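Mapping of the sequence shown onto the numbering used here: position 12 corresponds to residue 12, and the numbering continues sequentially without gaps.
Glycine included, C-beta positions come from ideal geometry on N, C-alpha and C.
Nothing here was measured: the structure is a model prediction, and the numbers come from that model.
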Amino acid sequence: MSTETILILGGSYAGISAAHYALKHTIPQLPKENDVTYNVTLVNPSKDLYWRFAAPRALVSKQMMPYDQIFYPIEPAFTYAFPKFKFIQGTATHVDAAGQSVSVTTVEGEQMTVNYAALVIATGFTTPSPLFTQANDRASLEAVYDAFQQGLKTAKTVVIGGGGPVGVETAGEVAEILNGRPGFMGAGPKNPKAQVTLVCADKKLLPVLRESIGKTAEGFLKKLGCSVTYNTRVVSAIKTSKEEGAKTKVELSNGETIEADIYIDATGSRPNTSFLPKEWLDNRNRVSCNPKTLRVEHESAGPRVYALGDVGSYTRGGVMDLSLAVPVVMTNLKQDLLRHLSGTVFAGDRHYNPNLKEQQICPIGTQKGVGAFNGFKVPSQMVWMIKGRDYLISQLAQGTLRGDQWKKEGKWTPVQDFGKAGLSQG
Numbered sequence: 001m002s003t004e005t006i007l008i009l010g011g012s013y014a015g016i017s018a019a020h021y022a023l024k025h026t027i028p029q030l031p032k033e034n035d036v037t038y039n040v041t042l043v044n045p046s047k048d049l050y051w052r053f054a055a056p057r058a059l060v061s062k063q064m065m066p067y068d069q070i071f072y073p074i075e076p077a078f079t080y081a082f083p084k085f086k087f088i089q090g091t092a093t094h095v096d097a098a099g100q101s102v103s104v105t106t107v108e109g110e111q112m113t114v115n116y117a118a119l120v121i122a123t124g125f126t127t128p129s130p131l132f133t134q135a136n137d138r139a140s141l142e143a144v145y146d147a148f149q150q151g152l153k154t155a156k157t158v159v160i161g162g163g164g165p166v167g168v169e170t171a172g173e174v175a176e177i178l179n180g181r182p183g184f185m186g187a188g189p190k191n192p193k194a195q196v197t198l199v200c201a202d203k204k205l206l207p208v209l210r211e212s213i214g215k216t217a218e219g220f221l222k223k224l225g226c227s228v229t230y231n232t233r234v235v236s237a238i239k240t241s242k243e244e245g246a247k248t249k250v251e252l253s254n255g256e257t258i259e260a261d262i263y264i265d266a267t268g269s270r271p272n273t274s275f276l277p278k279e280w281l282d283n284r285n286r287v288s289c290n291p292k293t294l295r296v297e298h299e300s301a302g303p304r305v306y307a308l309g310d311v312g313s314y315t316r317g318g319v320m321d322l323s324l325a326v327p328v329v330m331t332n333l334k335q336d337l338l339r340h341l342s343g344t345v346f347a348g349d350r351h352y353n354p355n356l357k358e359q360q361i362c363p364i365g366t367q368k369g370v371g372a373f374n375g376f377k378v379p380s381q382m383v384w385m386i387k388g389r390d391y392l393i394s395q396l397a398q399g400t401l402r403g404d405q406w407k408k409e410g411k412w413t414p415v416q417d418f419g420k421a422g423l424s425q426g
C-alpha cells in the first residue's frame with residue numbers, strides 16, 4: 001500500500017485554508033485504486049492557529065483581548081477528515097526536491113522525513129519583534145505578552161518603529177491604553193500619562209493608501225497622545241543595561257536620540273524560507289513563483305511545488321489576497337496531481353489575478369480607524385465595524401479554522417498560455 005501526500009508547510013490562514021480545500025475538493029477527485037491512499041499532512045511549529053491580526057490589541061491588554069480569542073487548536077478542526085488528515089507539530093528544516101521529501105524537527109526534538117506528491121509552501125513570515133510572531137507554542141507568546149503588559153503599566157516614553165498598518169495599529173492601542181480616550185470633541189487625551197512616538201521612514205503613514213487617509217490616521221493618533229515623525233528611520237535600539245525594566249536608547253536617522261521605556265519594532269517582516277534552497281528565492285528571500293499559476297518553477301524544485309501567502313513572490317500580502325490565491329494554488333495542484341497519477345489532460349491552468357485597487361483596513365484605538373476597500377475610502381465607523389471591534393475574530397476566526405470559505409470550488413476559466421503559465425507538473 002502506497003500513500004500519496006499533499007504536504008502543506010505552515011498552519012496560519014494560508015496553510016489551514018489549503019488543507020481544507022485539498023480535503024474537500026482535491027482528494028475526493030483523485031483516482032481510486034486499491035493499493036493507493038491519499039492524505040493531507042500539515043506541518044506547523046505550534047498546535048494552535050495564532051490570530052496574528054489581533055496582536056496590536058492582544059499585546060497591550062489580555063482583558064481587552066483574552067488569549068482564548070487569539071489561539072485556536074488546529075487539529076480538532078479537521079476531525080471530519082480523519083484519517084486522511086495528519087498534523088505534525090514541528091518545523092521544516094530541509095527540502096530534498098530530488099527525493100520529494102521534507103525534513104522536519106518535531107516539537108519533541110525528533111527528526112523525521114515526510115515524503116510528498118505535492119508540496120505547498122505557506123510558512124509565512126517572522127517579525128523583528130516577538131510581539132507579532134508565534135515562534136513555537138502558545139504559552140511562550142502568552143509569557144511575552146504578560147511581560148510586555150507589566151512593563152507597559154509604568155511606561156512614560158514609548159517609541160514604535162514602522163509606519164505600516166502594524167505600526168499604526170500598535171501605536172493606537174498603546175497610546176489609548178496609556179493615555180485614555182480623548183474627551184468629547186477633544187483634540188487629545190484629558191490626562192496623558194505617556195509620550196508615544198511613531199517613527200515612519202516614509203513621507204506618509206500607510207504607504208498602500210492615499211496620502212489624505214494617512215493624514216487622517218495621524219490625526220486620530222494625535223488625539224490619543226501619539227506623535228508621528230516622518231522621513232526618519234530607527235538606526236539602532238539598544239538596552240541601556242541588562243537589568244529588568246532597563247530603558248532602550250533609540251537612535252534615529254535624523255540625529256535624534258530617545259531614551260524610551262519601551263521600544264517596539266514594527267518595521268516589517270522576514271519570510272520564513274531559511275530551510276529552502278537559495279535558488280528558489282527572490283532578492284527579498286521570498287519563494288519565487290510563477291505570478292499566474294503560483295508554481296515554483298526553478299528547475300531544481302521538481303514537479304508540483306507551490307507558494308502560497310506572504311511567503312510567495314507574487315503577493316502584496318493580506319488576508320483578502322489569500323481569498324484569491326488559495327483556489328489558484330489548489331486547483332492547479334489538483335490538476336497537476338491528476339495529470340501525474342492518471343494522465344488526465346486539462347484545458348488550461350487557473351490563473352491568479354490580484355486585486356490591485358487601494359485596499360487596507362486599519363483600526364486606530366478602540367473607536368477610530370481608516371482604510372479603503374476596492375479603491376473607495378472607508379469611513380471610520382465602518383472600519384470599527386469591520387475590524388476595530390475585535391480584529392476580525394467574530395467574522396473570520398472560527399470560519400477560517402473550519403474552512404467555511406472553501407465549501408465550494410467556485411467557477412473559473414482555464415487559461416492555456418504555455419509561455420507564461422508553464423503548463424506542466426504532471
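- Look at the region 260 to 300 and you find these whole runs of beta strand (DSSP E), each 3 residues long or longer: 262 to 265.
- Put simply, of 292, 323 and 314 the residue whose alpha carbon is nearest the alpha carbon of residue 348 is 292.
- Here DSSP, grouped into helix, strand and coil, assigns residue 27 to helix.
- One thing to note: residue 107 has its Cβ no nearer than 7 Å to the Cβ of residue 134.
- Residue pairing from DSSP places residue 251 in a beta bridge opposite 236 and 257.
- If the five residues before and after residue 217 are omitted, its C-beta is found closer than 7 Å to the C-beta atoms of 168, 205, 206, 362, 364 and 370, all from its own chain and listed in chain order.
- Remark: fewer than three beta-carbon pairs, one from each stretch, lie closer than 8 Å, so the region 108 to 128 and the region 73 to 80 are not flagged as touching.
- Its chain contains 361, 371 and 372 as the residues whose beta carbon lies nearer than 7 Å to that of residue 378, once the 5 sequence neighbours on both sides are disregarded; these appear in chain order.
- In terms of Cα proximity to residue 367, the closest of 390, 359 and 345 is 390.
- The way I'd put it, the region 222 to 230 does touch the region 188 to 200; three or more beta-carbon pairs between them come closer than 8 Å.
- Counting C-beta atoms within 10 angstroms of its own C-beta, residue 182 has 16 or more neighbours from the protein chains shown and is therefore classed as buried.
- Under the three-state reduction of DSSP output, residue 324 falls in the helix class.
- Taking 7 Å as the cut-off, the beta carbon of residue 314 is found no closer than this to the beta carbon of residue 333.
- In the DSSP annotation of this structure, the continuous segment of the beta strand (DSSP E) that includes residue 50 starts and ends at 48 to 50.
- Judged by DSSP secondary structure, residue 112 falls within the beta strand (DSSP E) whose first and last residues are 111 to 115.
- In the structure shown, residue 371 falls within a strand segment according to DSSP collapsed to helix, strand and coil.
- For residue 56, the enclosing alpha helix (DSSP H) begins and ends at 55 to 58.
- The beta carbon of residue 190 lies closer than 8 Å to those of 180, 182 and 183 in the same chain, with the five residues before and after it left out.
- Counting the other Cβ atoms within 10 Å of the Cβ of residue 80 gives fewer than 16, which makes it exposed.
- For residue 92, the enclosing beta strand (DSSP E) covers residues 85 to 96.
- For residue 48, the closest alpha carbon among the candidates 290, 342, 139 and 316 is that of 139.
- In the assembly as shown, residue 111 is an exposed residue. Its beta-carbon has fewer than 16 other beta-carbons within 10 Å.
- Rounded to the nearest whole angstrom, the C-alpha separation of residue 278 and residue 128 is 21 Å.
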